[in-house]
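Going by my numbering, the first residue of the sequence shown is number -13, and it counts up by one from there. Cβ coordinates follow ideal geometry from the N, Cα and C atoms, glycine included.
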Amino acid sequence: MPTKPHFFASHHFERMAHRRDQEAWLERRRNSGKSWFLPVAASKNLVFEGPPPTAALLTMEQVEPLSYPHIYLGEYKERSCFALLTEPDHEAGWPGTAYQQVLRVATIIDTAEASLLAYARAMSIWQRNHRHCGRCGASTVSAEAGHVLVCSDPGCGWQQFPRVDPAVIVLVSDGQRCLLGRQASWDAGRYSTIAGFVEPGESLEDAVIREVAEESGIEVHSPVYHSSQPWPFPSSLMLGFQASAASSEIHLRDGELEHADWFTPDDLASGTRIRLAPSVSISRRLVDDWYYTQTGKKLETADWLNPKAQV
């Protein structure tokens, strides 16, 4: 199948990283009247309720006085965009708006704006989780437009940067079936590809082999890189792979999965046994591409964000 950029990727806007230390330029952009502010409360983004819902891109006039911390995200549609870090218990003070989990509205709102919301959410969570220095415990202060947190103790000065957690996610196939699993906490019928975090001192290929073996007991060989997707929930970078199974008997070893099984293309298309990951995820892209390779057709079935199928 033809490749296309993954959902939540930042190809829709310019990050302008070289401007982050230019405070005078940032000040002009903030006060230009053409900037947009994206409020984030805890892990939720502000959206206009609609219908349909749309991202809340607020002007300086709407957010004045600018009393909350803010992070420069970049340029979108020739406007500077800033994440606005409101308090977790902050009520939506703008008519027709509400705080929502971005993943719940991602398939409805504009794709580029969904990427901005996810980016703002990830940066907000990172800042809230790093209010103190990991070395000495002193408070941190924001620098470089919110992309660096610096220890306030002059004797320490430790710098912290936005966290990104690499994780492998893999479509395992025995040539005719693909391997999918589910966690106990998931809704009934929800299945996904095998995934797990990369450990220190481990290559991506080693992580694929280890994770599949740990979670399912299946031995794999020849992992091949597919693509990557930012998954800021809160800070993962999903590194997609395809791998061939060298065994077929499933043994759940590490307690990560409640159940795992092999599924044929017909199983996937019928939608009667399982609900797959949503179309915005790399998990679904891996499954869709495998299905297309097997059948020459596009996979049309419900997912766990849109549970239309009976399971």
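Next on the checklist: Please report the distance separating the alpha-carbon of Ala3 from that of Gly120.
Outcome noted: 25 Å
Next on the checklist: Does Ile111 come out as helix, strand or coil in the three-state DSSP assignment?
Outcome noted: Looking at Ile111 - three-state DSSP - the assignment turns out to be helix.
Next on the checklist: Suppose contacts are defined by Cβ-Cβ distances below 7 Å. Is Pro25 in contact with Thr97 by that definition?
Outcome noted: no
Checklist entry - Within 10 angstroms of its Cβ, does Gln48 collect 16 or more other Cβ (buried), or is it exposed? => result exposed
Checklist entry - Hey, how far is the Cα of His116 from the Cα of Thr126? => result His116 and Thr126 have their C-alpha atoms some 7 Å from each other.
Item to check | For Arg196, the nearest candidate out of Trp276, Val158, Glu50 and Arg149 (CA to CA) | outcome: Val158
Next on the checklist: By the DSSP assignment, the beta strand (DSSP E) with Thr247 in it spans what residues?
Outcome noted: Contrary to the premise, residue 247 reads as Asp rather than Thr in this sequence. Residues His245 to Phe249.
Checklist entry - Tell me which same chain residues have a C-beta within less than 8 Å of the C-beta of Val156, skipping the five on either side of it? => result Thr179, Ile180, Ala181, Val194, Glu197, Val198, Val206, Pro209, Gly226, Phe227, Gln228, Ala229 and Leu272
Checklist entry - What is the DSSP secondary structure of Gln296, reduced to helix, strand or coil? => result Summary for Gln296: the model assigns pLDDT 37, below 50, so the residue's position carries little reliability; its value from the coordinates is reported in the next sentence. Gln296 falls in the coil class under three-state DSSP.
Checklist entry - Is Asp151 helix, strand or coil when you go by DSSP? => result strand
Checklist entry - Measuring CB to CB, does Gln162 end up less than 7 Å from Glu244? => result no
Item to check | Same chain only: Cβ atoms within 8 Å of Asp139, ignoring 5 sequence neighbours per side | outcome: Cys119, Cys122 and Ala124
Checklist entry - For the candidate residues Leu89, Glu35, Leu43 and Ser269, whose alpha-carbon lies nearest to that of Cys67? => result Leu43
Item to check | Any beta strand (DSSP E) of 3 or more consecutive residues that is wholly inside the region 127 to 171 | outcome: 134 to 137, 151 to 159 and 164 to 168
Item to check | Cα-Cα separation, Phe(-6) to Arg261 | outcome: 22 Å
Item to check | Reduced DSSP category for Met46 - H, G, I as helix; E, B as strand; rest coil | outcome: Helix, per DSSP.
Checklist entry - Going by the CB atoms, is the gap between Ala153 and Ser222 shorter than 7 Å? => result Ala153 sits close to Ser222, with the two beta carbons spaced by under 7 Å.
Item to check | Cβ-based burial, Val33 [other Cβ within 10 Å; buried from 16] | outcome: buried
Item to check | Rounded straight-line distance, which links the Cα of Glu201 to that of Ser242 | outcome: Before going on, a small fix: residue 242 reads as Glu here, not Ser. Going by the C-alpha atoms only, they are around 6 Å apart.
Next on the checklist: Do Ala129 and Ala69 have their beta-carbon atoms positioned less than 7 Å apart in this structure?
Outcome noted: Judged by their CB atoms, Ala69 and Ala129 are not nearer to each other than the 7 Å cut-off.
Checklist entry - Along the chain, where does the beta strand (DSSP E) that runs through Ser234 open and close? => result It is not in any beta strand (DSSP E) - Ser234 carries neither H nor E in the DSSP assignment.
Item to check | 7 Å Cβ shell around Ile204 - same chain, five flanking residues per side excluded | outcome: Val158, Leu165, Val198, Ala231, Ser233 and Ile236
Next on the checklist: In this structure, how does DSSP classify Leu238 when only helix, strand and coil are distinguished?
Outcome noted: coil
Checklist entry - Who are the near neighbours of Arg239 in its chain, counting only those whose CB is closer than 6 Å to its CB and skipping five residues on each side? => result Cβ within range, chain order: Glu200 and Gly203.
Item to check | Unbroken beta strand (DSSP E) run spanning Ile57, endpoints | outcome: His56 to Tyr62
Checklist entry - Ends of the beta strand (DSSP E) at Ile195? => result Per DSSP, Ile195 belongs to no beta strand (DSSP E); it is in the alpha helix (DSSP H), Leu190 to Ser202.
Checklist entry - For the candidate residues Gln280, Ser267 and Thr287, whose alpha-carbon lies nearest to that of His(-8)? => result Ser267
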